[in-house]
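This report refers to the structure that appears directly beneath it.
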Amino acid sequence: MWALTALLLLVPSGGRAATLEKPTLSLHPPWTTIFKGERVTLHCDGYHPPLLELRPISTLWYLGHLLLPSHKKSIEVQTPGVYRCQTRGAPVSDPIHLSVSNDWLILQVPYAAVFEGEPLVMRCRGWYDKVVYKLHYYHDGKAVRYFHSSANYTVPQARASDSGRYQCSGTMRIPVESAPMFSSKVAVTVQELFPAPVLRVTGRAEARGGVAVRCETRLHPQKRDTPLQFAFYKYSRPVRRFDWGAEYTVREPEVEELESYWCEAATATRSVRKRSPWLQLAGRGSPLDLASTSAPIPQAAALAPGNQPLSFRKPPVSRSALSVTSVPNTTSLGLQFPAGRAPTAGPPACAPPTPLEQSAGTLKPDVDLLLQEMQLLKGLLSRVVLEFKEPQAFPEHKETLETPTSRFAVSPGTRETTVVES
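In case it helps, mature numbering (1 follows the signal peptide of the UniProt record, and there is no 0) puts the sequence shown at residues -17 to -1, 1 to 405.
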């Protein structure tokens, strides 16, 4: 009975095994390519049961699908292949690919995944650490760095664009300087730390009188402990600078405006910064809210990343129709037209006139009246000039024109001519 109780206490339960995470496999030195005959150390870091258990085997090692005889936490290997480890009750670890080369020159890259914002270090190594001269590093076939002799190539803050195939070339003195030699190409992938955030409306902040928004993103599972900071912007102006909180309360927008917001997520060192698409918030009483005035959350629309909003202000809404009084030859603005002339047709009632159209409609009647008066004055002056040049054309004024002491006095704005005796 006591033996059965001891077995039940020492064997891990199924629920506990389900909560264990897979162990972490590391490589020392941290290079995935080595020369033939060299040895590296693999270390399995994970849950290890107490030594008092009846089954002392705590670590399993795999080379491909082959189970290795060692059960220690660390082993030394020199055989190329894919290595994995497993601890009691936990899943199998992520693999490490080990390559063994017999070339004169090899390019060594880190075994672990490189994430955005982290340094990417590569080493071009000569056979058994011989010095490499005239050293070139290549990225996707393009030379990116030159060194006179052996040196590591470092990208201080890796980006997704740094992914690709790398290669190095150089010469060695064996014993005289050799012709340029090239290493094999090695693929490097820079992992995404977190995707671009998305700004979402979470609800109304009744206590603060505004709309609550949240900047949402997701860290890579291997980097879930990385702290992130968030900033919020209205158009191009920051409304809250970088802080640890992912939520922000937007004050109630003005009635006649559409306000555009976006957010930015970044690491504490700002080595990785990513921005969200635009989010447009509609003000109360705007056309976007009239469809559902009882909705607790204002309608919002997210635009494509990097695109600017098409418009930030709503078109004016006609709240009441203009009243028109039926007065002959009179418009609703009180402008009188000459008899027999109708006012120019305006824009449709459903589309309110623009300021330019209103100005044009106000000036047109005055211009027409001025043109008519100018035509009358022109005709009057032409008649007066003609009477002076050809008196016989006007017999009714012949006697008056022959009087030497008479002259014409023309009253402005009338067709009549008055004779004034001196």
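A virtual CB, placed ideally from N, CA and C, is assigned to each residue, including glycine.
C-beta contact flag for residue i and residue j at 9 angstroms
i, j, result
"residue 45", "residue 67", "yes"
"residue 99", "residue 141", "yes"
"residue 229", "residue 197", "yes"
"residue 248", "residue 139", "no"
8 angstroms contact criterion, which residue i and residue j should meet: CB distance rounded
i, j, result
"residue 176", "residue 245", "In fact, because the Cβ distance is near 20 angstroms, the residues do not count as touching under 8 angstroms."
"residue 59", "residue 24", "5 angstroms"
"residue 110", "residue 18", "7 angstroms"
"residue 250", "residue 185", "Incorrect: roughly 24 angstroms between the Cβ atoms, too far for contact."
"residue 47", "residue 65", "6 angstroms"
Residues near residue i in its chain [Cβ-Cβ closer than 6 angstroms; skip 5 each side]
i, result
"residue 152", "119, 163 and 165"
"residue 14", "91"
"residue 231", "196, 215 and 223"
"residue 53", "44"
"residue 97", "103, 141 and 173"
"residue 26", "9 and 57"
"residue 129", "119"
"residue 217", "244"
"residue 85", "19"
"residue 211", "248"
"residue 333", "For residue 333, the pLDDT reaches just 49, beneath the cut-off of 50, and the residue's location in the model is therefore unreliable, although a value from the coordinates is still provided. Excluding sequence neighbours, residue 333 sits near nothing in its chain."
DSSP three-state assignment for residue i, whether helix, strand or coil
i, result
"residue 143", "helix"
"residue 3", "coil"
"residue 47", "coil"
"residue 226", "strand"
"residue 217", "strand"
"residue 177", "coil"
"residue 169", "strand"
"residue 93", "strand"
"residue 155", "coil"
"residue 77", "coil"
"residue 29", "coil"
"residue 115", "coil"
"residue 327", "At residue 327, the pLDDT of 46 sits below 50, so the modelled position is not reliable and the matter cannot be decided from this model."
"residue 138", "strand"
"residue 255", "coil"
"residue 61", "coil"
"residue 356", "helix"
"residue 361", "helix"
"residue 370", "helix"
"residue 56", "coil"
"residue 206", "helix"
"residue 87", "coil"
"residue 110", "helix"
"residue 298", "Reliability fails at residue 298, whose pLDDT of 45 lies under 50, so the model's placement of it is uncertain and no value is given."
Cβ neighbours of residue i in the same chain (closer than 7 angstroms, five flanking residues each side left out)
i, result
"residue 122", "147 and 149"
"residue 21", "61"
"residue 161", "154 and 155"
"residue 80", "15 and 65"
Alpha carbon of residue i to alpha carbon of residue j, nearest angstrom
i, j, result
"residue 157", "residue 200", "54 angstroms"
"residue 243", "residue 204", "32 angstroms"
"residue 8", "residue 28", "6 angstroms"
"residue 170", "residue 207", "25 angstroms"
"residue 168", "residue 12", "20 angstroms"
"residue 213", "residue 126", "37 angstroms"
"residue 6", "residue 78", "11 angstroms"
"residue 202", "residue 51", "35 angstroms"
"residue 137", "residue 145", "11 angstroms"
"residue 63", "residue 107", "19 angstroms"
"residue 259", "residue 101", "22 angstroms"
"residue 89", "residue 124", "16 angstroms"
"residue 257", "residue 178", "8 angstroms"
"residue 117", "residue 87", "15 angstroms"
"residue 112", "residue 49", "32 angstroms"
"residue 353", "residue 367", "21 angstroms"
"residue 365", "residue 357", "12 angstroms"
"residue 219", "residue 143", "26 angstroms"
"residue 439", "residue 361", "Because residue 439 is not part of the residues shown, which for the chain are -17 to 405, the question remains open."
"residue 349", "residue 372", "35 angstroms"
"residue 227", "residue 255", "15 angstroms"
"residue 82", "residue 105", "15 angstroms"
Neighbourhood of residue i by C-beta, 8 angstroms cutoff - its chain only, sequence neighbours within 5 removed
i, result
"residue 193", "187, 232, 233, 234 and 235"
"residue 114", "132, 133, 155 and 156"
"residue 221", "214 and 215"
Residue i: CB within 8 angstroms of a non-hydrogen atom of the ligand MG
i, result
"residue 250", "The model on display carries no ligand, and the ligand MG is accordingly not part of it."
CB contact check: residue i to chain C, cutoff 9 angstroms
i, result
"residue 354", "Any reference to chain C falls outside this structure, which holds one protein chain only."
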